[in-house]
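Engineer: One structure, as structure tokens, below. Some questions next.
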Amino acid sequence: MLILALDTSGETCAIALVDTPAPLGGDFQIATLRAQITFRHQMDLLRRLAPSINWLLDDNGLSARDLDAFAVSLGPGSFTGLRIGVTTAKSMAYAVGKKLVGIPTLDILAGGVMVEHGDVIAPLIHARPGEVYAALYRADDTSPGKLSDDLALPIGELLDKALGLKSKRVVFCGSGCRANRSAIEDFLGDKAVFAPEWTDHPRGEILGRLALDRLAAGESDDPFSLVPLYARRPTPEIRMEAVREAKKAK
1 MLILALDTSG ETCAIALVDT PAPLGGDFQI ATLRAQITFR HQMDLLRRLA PSINWLLDDN
61 GLSARDLDAF AVSLGPGSFT GLRIGVTTAK SMAYAVGKKL VGIPTLDILA GGVMVEHGDV
121 IAPLIHARPG EVYAALYRAD DTSPGKLSDD LALPIGELLD KALGLKSKRV VFCGSGCRAN
181 RSAIEDFLGD KAVFAPEWTD HPRGEILGRL ALDRLAAGES DDPFSLVPLY ARRPTPEIRM
241 EAVREAKKAK
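Pasting the structure below:
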């Protein structure tokens, strides 16, 4: 099964072709990375995304109709980036009549770090100064088990939750762990472990592998109803609502 995996949740865009050498089945799929491009879109994602997808397909002698499914990172992350990526994946899947799978961005980050059995994994995405998008996971023998919902919260609250899980180690990854490293080290000391910086951005091969797992379980998403996971409401939407309420009050 050949999947086009697409992450546009942050400042780095990842587009990957992920394949599995065997029919779908079992609890865990072996995913092979066939090709991948990663680039910083510099706030120009809308113009660069479609040509980049076309180039990757052309370079591998493929068209969208040769794919078996599409996978897309759902967020949380950049509101604009997520809208562009999810809309693109939905449109392509619908146009060629193929399956669509959405994967939370924090799941992708958690699945891309090396951990020991029993570790707590804390992928953090920078949201604003002192605030992160985050979730907590427990490492087991196969894949990280999710312990919390996707959250948008101050870093101190997240660290309180992580400490309460009583693990020997908490492994941090994602852009939010770099921005808040001092606070993390002050709070958790030697208990805090930081994954390498190359784990800070979601990787296409991890997204594709998680999508294969869902497809093997008979799961996929409706191109008409799939929406990004924002974790909190967009700031412009909150401001517009405040303006409307102020006008009503006059």
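Residue numbers (my numbering): 1 to 250.
Ideal placement from N, C-alpha and C gives every residue a C-beta, glycine not left out.
Here the structure is a predicted model, which is why all the values come from computation and not from measurement.
Taking its Cβ as the centre, do 16 or more other Cβ atoms sit within 10 Å of residue 96, making it buried, or is it exposed?
Structural biologist: On the sequence shown, residue 96 is found 96 positions in, with the first residue counted as 1. The residue is exposed, with fewer than 16 neighbouring Cβ atoms inside 10 Å.
Engineer: So, at 7 Å on beta carbons, what are the nonlocal neighbours of residue 167 in its own chain, with the 5 sequence-adjacent residues on each side left out?
Structural biologist: What you label residue 167 is simply residue 167 of the sequence shown in a count that begins at 1. Closer than 7 Å at Cβ, skipping near neighbours: 118, 119 and 120.
Engineer: Less than 8 Å between C-beta atoms, sequence neighbours within five positions excluded: which residues of the same chain meet that for residue 83?
Structural biologist: Locating residue 83 in the sequence shown gives position 83, counting from the first residue. Cβ neighbours of residue 83 beyond the five flanking positions: 228.
Engineer: Which word fits residue 224, buried or exposed, when buried means at least 16 other C-beta atoms lie within 10 angstroms of its C-beta?
Structural biologist: Counting from 1 along the sequence shown, the entry for residue 224 is found at position 224. Classification for residue 224: exposed.
Engineer: Use the C-beta contact count for residue 90: other C-beta atoms within 10 angstroms, 16 or more gives buried, fewer gives exposed.
Structural biologist: Mapped onto the sequence shown, residue 90 falls at position 90. Label assigned to residue 90: buried.
Engineer: Whole angstroms is fine: what's the gap from residue 139's alpha carbon to residue 193's?
Structural biologist: Your numbering for residue 139 matches position 139 in the sequence shown. Your numbering for residue 193 matches position 193 in the sequence shown. Taking the straight line joining both Cα atoms gives about 14 Å.
Engineer: Taking residue 20 as the reference, which of 80, 222, 206 and 149 has the closest Cα?
Structural biologist: The sequence position of residue 20 within the sequence shown is 20, counting from 1. Among 80, 222, 206 and 149, the Cα nearest to that of residue 20 belongs to 206.
Engineer: Any idea if residue 220 is buried or exposed, counting beta-carbon neighbours within 10 angstroms, 16 or more meaning buried?
Structural biologist: Looking up residue 220 in the sequence shown gives position 220. Residue 220 comes out buried.
Engineer: Tell me whether residue 224 sits in a helix, a strand or coil according to DSSP, three-state version.
Structural biologist: As a first step, residue 224 must be located in the sequence shown, where it is residue number 224. In the structure shown, residue 224 sits in coil (DSSP, three-state: anything other than H, G, I, E or B).
Engineer: When we look at the beta-carbon of residue 231 and count the other beta-carbons within 10 Å, is it buried (16 or more) or exposed?
Structural biologist: By one-based count along the sequence shown, residue 231 stands at place 231. With 16 or more other Cβ atoms within 10 Å, it is buried.
Engineer: Between residue 160 and residue 103, what straight-line distance do the alpha-carbon atoms span, to the nearest angstrom?
Structural biologist: Reading the sequence shown from its first residue, position 160 is the one you call residue 160. Reading the sequence shown from its first residue, position 103 is the one you call residue 103. For residue 160 and residue 103, the distance between alpha carbons rounds to 26 Å.
Engineer: Nearest CA to the CA of residue 144: which residue from 164, 133 and 106?
Structural biologist: Along the sequence shown, one-based indexing puts residue 144 at 144. Comparing Cα positions, the closest option is 106.
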